[in-house]
Structure formats: C-alpha cells, structure tokens
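Heads up: the protein sequence lines correspond to chains A and B, in order. At position 94 of the first sequence (counting the first as 1) the number is 94 in the numbering used here, and the numbers step up by one without a gap. To get the numbering used here, take the position in the second sequence, counting from 1, and add 117.
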Amino acid sequence: AQSVTQPDIHITVSEGASLELRCNYSYGATPYLFWYVQSPGQGLQLLLKYFSGDTLVQGIKGFEAEFKRSQSSFNLRKPSVHWSDAAEYFCAVGAPRYGGATNKLIFGTGTLLAVQP
Amino acid sequence: DSGVTQTPKHLITATGQRVTLRCSPRSGDLSVYWYQQSLDQGLQFLIQYYNGEERAKGNILERFSAQQFPDLHSELNLSSLELGDSALYFCASSVEGGVVGTDTQYFGPGTRLTVL
C-alpha cells in the first residue's frame with residue numbers, strides 16, 4: 001500500500017537560512033508526488049508536483065523539490081526562508097488512475113515550520 | 118484563491134445531529150474529492166465523485182454520505198454526529214483528464230466542524 005512519511009514533525013529555522021523538508025514515500029510503481037502548504041486557518045495550496053521527467057522540479061514561492069527514486073524521497077528545499085513561509089507542509093503521493101483506481105491523495109503527517117527572526 | 122468554494126466556513130452542532138457541507142469545484146473540473154483533517158488521523162481521503170458518479174471510497178464512515186449534482190457541485194452529509202467527527206473537512210477538485218494519474222487537485226478553504 002502507498003504511504004508517505006515526513007520524519008520531522010516540527011522544524012525551526014532562522015529567517016534567511018536554507019530549508020530542507022524531508023519526505024519519503026512507499027509506492028510500487030512510478031509515484032506522482034506533491035507538496036502542499038497550509039497556512040494557519042487556510043486551505044491547502046499546491047507548491048509543486050512531480051509526474052515524470054526532470055527530477056528537480058520548481059514550484060511557487062521559490063521552492064523546489066528533488067525526486068530521488070533510489071532513496072524513495074521527494075525533499076522540499078528553499079535556499080532562503082522568509083518569515084511568511086511559516087506554515088505546515090504536507091507531502092502527498094497520488095494513486096494513478098488505471099484499472100478503476102482513483103486519483104486520491106495519500107498525505108504525510110505534515111511538518112510544521114517555524115521561522116525565527 | 119484555488120477557485121474551489123466551500124460553505125459554510127464554520128459549523129457548530131451537537132452530538133446526534135446531521136449536517137451538510139457544500140462544495141463547488143473549479144470551473145471545468147469534473148472530479149470532486151472530500152478529505153477529513155483531524156488531529157489524530159491527519160489528512161484522510163474520504164470519497165471521490167467524477168461527473169456525478171462515485172469513483173472511489175476511502176475511510177468514510179457509514180454515517181457519512183456524499184453526492185455530486187448535475188451542476189457538479191457536491192455535498193457531504195454527516196449524520197448521527199459524534200464528538201470525534203469534529204474536524205476540518207476539505208473539498209478538492211480536478212479536471213480528471215489527460216494522462217493517467219497526472220490530475221492536480223486544488224483544495225478549497227475547508228469547513229471546520231465542531232461537534233459539542
């Protein structure tokens with residue numbers, strides 16, 4: 001069965017420092033991977049996605065993620081964090097549609113990012 | 118703004134009651150997904166509809182049901198509510214076209230349900 005692990009529940013970084021949020025997935029075929037961000041009291045906003053092709057994907061707000069099949073990882077990075085990046089970040093894997101399967105998303109437990117001034 | 122709308126934003130009700138949550142997908146999207154976000158279970162997929170028909174079910178309780186109407190809006194009905202049903206309920210929509218598995222889901226702002 002598909003699963004997503006985000007090992008870090010809570011991370012604190014200083015403003016201007018670099019950021020890496022970890023995500024490991026378990027899936028038998030080619031995964032479809034997503035990062036979403038949830039600000040307090042808000043819905044989920046898509047940061048970036050990986051379907052195929054270049055393993056380094058660029059997203060909004062200066063974020064990028066790298067797909068590493070050998071490590072079953074899809075880590076999110078940002079070179080310089082801004083105070084407005086404080087939020088909860090969710091990694092998700094999508095179950096491809098074939099043979100009646102669905103496109104449902106399976107989410108990790110999230111990483112809460114705090115940014116120190 | 119994702120283009121997905123959900124009403125109401127907040128809902129407070131008592132145990133044993135029934136509520137209906139409403140979702141309007143983005144223009145042109147045929148698929149609607151419902152997710153529940155709670156402190157103990159995290160973000161869980163509940164159910165998916167595609168163009169009016171149920172496509173997939175996740176960890177949805179029998180007390181919960183959903184439907185998608187001809188205008189593609191969807192409603193999630195929660196009945197015999199329990200304290201543990203208190204959660205944030207998200208609706209998402211996608212086009213459901215193109216290459217298998219590459220649909221992107223866009224999420225609404227959610228409905229926060231509090232059961233007292």
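Where a beta carbon is used, it is the ideal one built from N, C-alpha and C, also for glycine.
A/Thr12, enclosing beta strand (DSSP E) - first and last residue: His10 to Ser14
Classification of B/Asp252 by the beta-carbon crowding that lies within 10 angstroms, buried from 16 upward: For chain B, the structure presents residues 118 to 233; residue 252 of chain B sits outside this window and is missing.
B/Ser119, DSSP secondary structure in three states: coil
Whole-Å CB distance - A/Gly108 paired with A/Tyr32, under 8 Å assumed: Not really, about 14 Å apart at Cβ, beyond 8 Å.
Residue from A/Gly110, A/Asn24 and A/Ser39 with nearest C-alpha to B/Gly225: A/Ser39
Any C-beta of chain B under 7 Å from that of A/Gly99: Confidence is the limiting factor: at A/Gly99 the pLDDT is only 47, short of 50, which leaves the residue's position unreliable, though a coordinate-based value still follows. Answer no: the Cβ-Cβ gap between A/Gly99 and chain B never drops below 7 Å.
Cross-strand partners of A/Ile106 (DSSP beta bridge): A/Val93
B/Leu138 to A/Leu112 span [Cα, whole Å]: 28 Å
Assigned secondary structure, B/Gln165 (DSSP; H/G/I helix, E/B strand, else coil): strand
7 Å Cβ cutoff, A/Thr5 in contact with chain B: no
Rounded C-alpha distance that separates B/Gln154 from A/Leu105: 13 Å
Distance between B/Leu195 and B/Gln158 (C-alpha atoms, nearest Å): 17 Å
Beta strand (DSSP E) segment containing A/Thr55, residue limits: That residue, A/Thr55, is in no beta strand (DSSP E); it is neither H nor E in DSSP.
Neighbourhood of B/Phe186 by C-beta distance below 8 Å, restricted to the same chain and skipping five residues each side: Gly169 and Glu192
Positions along the segment 175–197 of chain B whose CB lies within less than 8 Å of some CB in chain A: Gly175
Residues near A/Glu20 in its chain [Cβ-Cβ closer than 6 Å; skip 5 each side]: Asn75 and Arg77
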